[in-house]
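I have placed the structure first, in the form of structure tokens, so that the comments after it can refer back to it.
Quick look at the structure:
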């Protein structure tokens, strides 16, 4: 359940809030839930811009990998907590899977997952 308040009678307030919530969630992923963007302490606009471009790509790849893990490979079941929220987001599932595939290459299963991901992303 969501409670949305608006000063004006706005029929689109709920839709606008959904968009805003997606943006807030994205910034959460870029900051405290994964990439820790705020810890870079960058101040040069050109460097911030380049980093944001890379983070956007990383966020997209993590979300895609999360969807692949849950929907295509069915490696992970999305579990609901008591508050009806998922225990892990698609972003977190995908980021964890990417990190495992990239940094634990000695595991054959992970290499296969990475290869499947690369093939899917490259449309091969």
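In the working numbering, the protein residues as written are 668 to 791.
Built from N, CA and C at the ideal position, the CB exists for glycine as well.
The structure presented is a predicted model; accordingly, all values stated were derived computationally and were not measured.
- Secondary structure of residue 747 (DSSP, three-state): strand.
- 768 is the residue among 768, 675, 681 whose C-alpha sits nearest the C-alpha of residue 729.
- One alpha carbon belongs to residue 756, the other to residue 689, and they sit about 13 Å apart.
- With a cutoff of 7 Å on beta-carbon distance, residue 761 and residue 733 are scored as near each other.
- Per the DSSP secondary-structure output, residue 753 pairs in a beta bridge with 747.
- Residues of the same chain with a CB within less than 6 Å of the CB of residue 748, apart from the 5 flanking positions on each side, are 754 in chain order.
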